[in-house]
Amino acid sequence: MNPRVRKRLWVIATYVVLSFFAFIYLVPFIRSFIASFMTWEQASAYPPQWIPNPFTLINYVKLFRLELFPRWILNTAIYAGIIVAGNIVLTSMAGYAFARLSFPGRDALFSALLALLMVPAFITLVPNYIIIYRLGLIDNILGLALLGIANVSSIFLMRQYFLSLPQEVFDAARLDGCGPVKAYFYIALPLAKPALGAVAVYQFLGAWNAFLGPLIFLRSPENFTLPVGLSFAFARTMWTEYTPIIAGSLVAAAPTILLFIVLNKYLIRGIAITAGKG
Amino acid sequence: MKPKPFSQLSSKPKRLLEKKKYREALSALLLISLAAGLNIVFGYFAMFFAFYLSFFKWDYIGPMEFVGLKNYEVIVKDIIRGLSGAFYTFAPFYTGLRNILLYTAIVVPVQTILAIILAVFANQKIKGVQFYKVAYFLPAVTCPVIVALIFIWLFMKNGFINYMIQFIAPGFAPDWINDKNYLLYAIALVAIWGTSGHFMVSFLAALQSIPRDVYEAAMLDGAGPFRRFIYITLPLLRPMIVYVVVMGLIGALQMFDLAWVMAGSSGGPGGAGYTIALDIYNEAFIKLRPGVAAAKSVFLFFLIFITTYVFQKKYRVLPR
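Chains L and X, in that order, give the protein sequences.
Residue numbering for the first sequence follows the working numbering, starting at 217 and increasing by one per position.
Residue numbering for the second sequence follows the working numbering, starting at 5 and increasing by one per position.
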């Protein structure tokens, strides 16, 4: 076979495979988006229908009739906000110190922290519940957030970033009599915007989607975050129609989906970097 | 004349240097303390406390009572009951263990292989490839609870998935979520769908770090795309495969969210969706036996530790 024809065929085959998988990964989103504007009769019809008829917003209306739904959105946003802010401050400080300052036991401490990435969350679950309980912070978003404001992978990401900066910048600052803490505020932080952005985005995604922590540490419905609230509001026994659940799921997932679509290039690259070195 | 090294300078600058070093260590401690402290308390202290707690009987309020290995006896008896065929409600831990091992045996290999295939195809330099990467990664940024809620609907008897299946296997239309023979497979499919895109990105990074000339040399030797994949790509991907499998094992063995939503906290029909993680949750927060829960979590810890350790030992090196 002529090599040019062969190459052509190879490219076509690649597109076929890529599109087949894209269909599998996207169709649940597309299907639920369409169904959220259908009546339940139509959404549950067999074979599946693709055009809402009649087009209806009733599912979204029913969803916001759930009194607590807006409250859960707010709680999730507060929780994600605290987690993002905490990680930006705490892990950039720690990452900077691990990368740029020397002190006894530095590498041992860093390895010890890194090893926590391999520790399954379930072993620490009950003890952490007891600690938070003793602190009187059960059913409080602050108590829940305390567990996640200094994420180890964020520390790792910040450290790697600070290690990648040229040493001369810090040397120059030191020669000018700038102490280590001052250098953090005036040199390291302003240079760290890309890494801070990455930490913020990953932590936002993690906090917005978190389930196990909020399920255990938040107790009363008005303090729930979206995933916990939805999982209870849509408990299997309460179904009469499923379309409001689909609408609720889409509303809850919208911030992460939009964020990802806007930042997709940056995010896919960033995760690749951390994954390669994890 | 060569400048003298620092150590041979007169004592005054040396002391100054030491003072500077001391100051640096102090500032480092200041900067690190909060982040390290929180992780030591909620990570290491909690881990050791879990081991400690697993030897005690407690109800969260009253005094703790040392019971030796009693909590572990609960687990062993549970497994023995399960092995001798007790109904699933009488052997919850065994049920969870059996399910999670089957689930892991399905999910980890499939998601790893799928992630490699996706990465290899998405690594081609062709137009519009970013769109495909976004499509594959989208499930990974979506909350598992939400994914599970949507898939319950797609998995209904007259749902979309059965509709698609009848083009491939006519007549095969199980009631996935309500049939104890299919529930675990439904959960496994959702997990694979949700995480393979995430690991694809890891493989993409590894693929991009393979130098081009390796492939060019192979092409000159007349190796076709399949042989290049088998003899060059796969061996060079090995460290990343080990990493992805280890991360996959850690995730799969403590699967919780999907089972909670798709099967419910009691494991759904016939306990088919029950997992060790659900059992630990029920033990700790429903039955209020933190000691037994801690013993079960120690079991899970060693299950994860041993499987990942054996796997890494066999295939060596963690990517650095």
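Quick reminder that beta carbons are idealized off the backbone N, C-alpha and C, glycines included.
- What L:Arg247 touches in chain X, judged by beta-carbon distance under 8 Å, is Leu158 and Phe164, going in chain order.
- DSSP, reduced to helix, strand and coil, places L:Phe245 within a helical segment of the structure shown.
- Nearest neighbour of L:Ala261 by Cα position, chosen from X:Lys161, X:Thr237 and X:Tyr107, turns out to be X:Lys161.
- L:Ala416 and L:Ser436 have their C-alpha atoms some 28 Å from each other.
- Here the C-alpha atom of L:Pro286 lies approximately 7 Å from the C-alpha atom of L:Phe280.
- The criterion of a C-beta distance shorter than 9 Å is not satisfied by L:Leu446 and L:Trp266.
- Counting C-beta pairs closer than 8 Å gives fewer than three between the stretch 380 to 390 of chain L and the stretch 328 to 344 of chain L, which falls short of the contact rule.
- Scanning its chain for C-beta atoms nearer than 6 Å, with the 5 sequence neighbours on each side dropped, one finds around X:Leu118 the residues Ser200, in chain order.
- At a Cβ-Cβ threshold of 9 Å, L:Ala313 and L:Pro396 count as neighbours.
- When beta bridges are read from the DSSP output, X:Lys300 appears opposite no residue.
- In the DSSP assignment, X:Ile79 falls within the unbroken alpha helix (DSSP H) covering Lys74 to Leu87.
- Inter-segment contact for the stretch 172 to 189 of chain X and the stretch 258 to 277 of chain X is present: three or more beta-carbon pairs are separated by less than 8 Å.
- Excluding five sequence positions before and after X:Tyr136, the CB atoms of its chain that fall closer than 7 Å to its own CB belong to Ala126, given in chain order.
- For X:Trp157, the uninterrupted alpha helix (DSSP H) segment begins and ends at Pro148 to Leu158.
- The beta carbon of L:Ser260 sits closer than 9 Å to some beta carbon of chain X.
- Neighbours of X:Gln258 in chain L, taken as residues whose beta carbon is under 8 Å from its own, are Pro336, Ala337 and Phe338 in chain order.
- Fewer than three Cβ pairs drawn from the stretch 39 to 49 of chain X and the stretch 286 to 298 of chain X lie within less than 8 Å of each other, which leaves the two stretches out of contact.
- Contact with chain X is absent for L:Pro410, since none of that chain's Cβ atoms lies less than 9 Å from the residue's Cβ.
- Pairing X:Tyr64 with L:Ile357, the inter-Cα distance amounts to about 21 Å.
- In this structure X:Met244 is buried. Its beta-carbon is surrounded by 16 or more other beta-carbon atoms within 10 angstroms.
- Contact annotation for L:Ile461 against chain X: Leu153 [CB-CB distance below 7 Å, chain order].
- With a threshold of 9 Å between beta carbons, X:Ala263 makes no contact with chain L.
- Residues of the stretch 410 to 431 of chain L whose Cβ lies closer than 9 Å to any Cβ of chain X, in chain order: Leu421, Trp424, Asn425, Ala426, Phe427, Leu428 and Leu431.
- Contact residues of the stretch 380 to 404 of chain L toward chain X are Gly395, Pro396, Val397 and Tyr400 (C-beta to C-beta distance below 8 Å).
- Chain L places no beta carbon closer than 9 Å to that of X:Pro178, leaving this residue out of the contacts.
- Comparing alpha-carbon positions, the option among L:Asp355, L:Arg390, L:Ala411 and L:Val243 lying closest to L:Thr307 turns out to be L:Ala411.
- Interface annotation, X:Gln128: in contact with chain L, CB-CB separation under 9 Å.
- Within 8 Å of the CB of L:Lys481, the CB atoms of chain X belong to Gln134, in sequence order along the chain.
- The beta carbon of X:Ile165 is closer than 6 Å to those of Leu158 and Phe159 in its chain, skipping five residues each way along the sequence.
- Within the model, the alpha-carbon separation for X:Leu257 versus X:Phe233 is close to 30 Å.
- Nearest to L:Asn291 by C-alpha distance, out of L:Leu434, L:Cys394, L:Pro406 and L:Ala324, is L:Leu434.
- With 16 or more other Cβ atoms inside 10 Å of its own Cβ, X:Phe203 counts as buried.
- Within its own chain, the residues whose Cβ lies closer than 7 Å to the Cβ of L:Lys278, once the five positions on either side in sequence are excluded, are Pro460, listed in chain order.
- The residue among L:Glu457, L:Phe448 and L:Ile484 with its C-alpha nearest the C-alpha of L:Asn275 is L:Glu457.
- The stretch 303 to 311 of chain X makes no contact with the stretch 212 to 227 of chain X, as fewer than three CB pairs between them are under 8 Å.
- By the neighbour-count criterion, in which a residue is buried when 16 or more other Cβ atoms sit within 10 angstroms of its Cβ, L:Asn269 is exposed.
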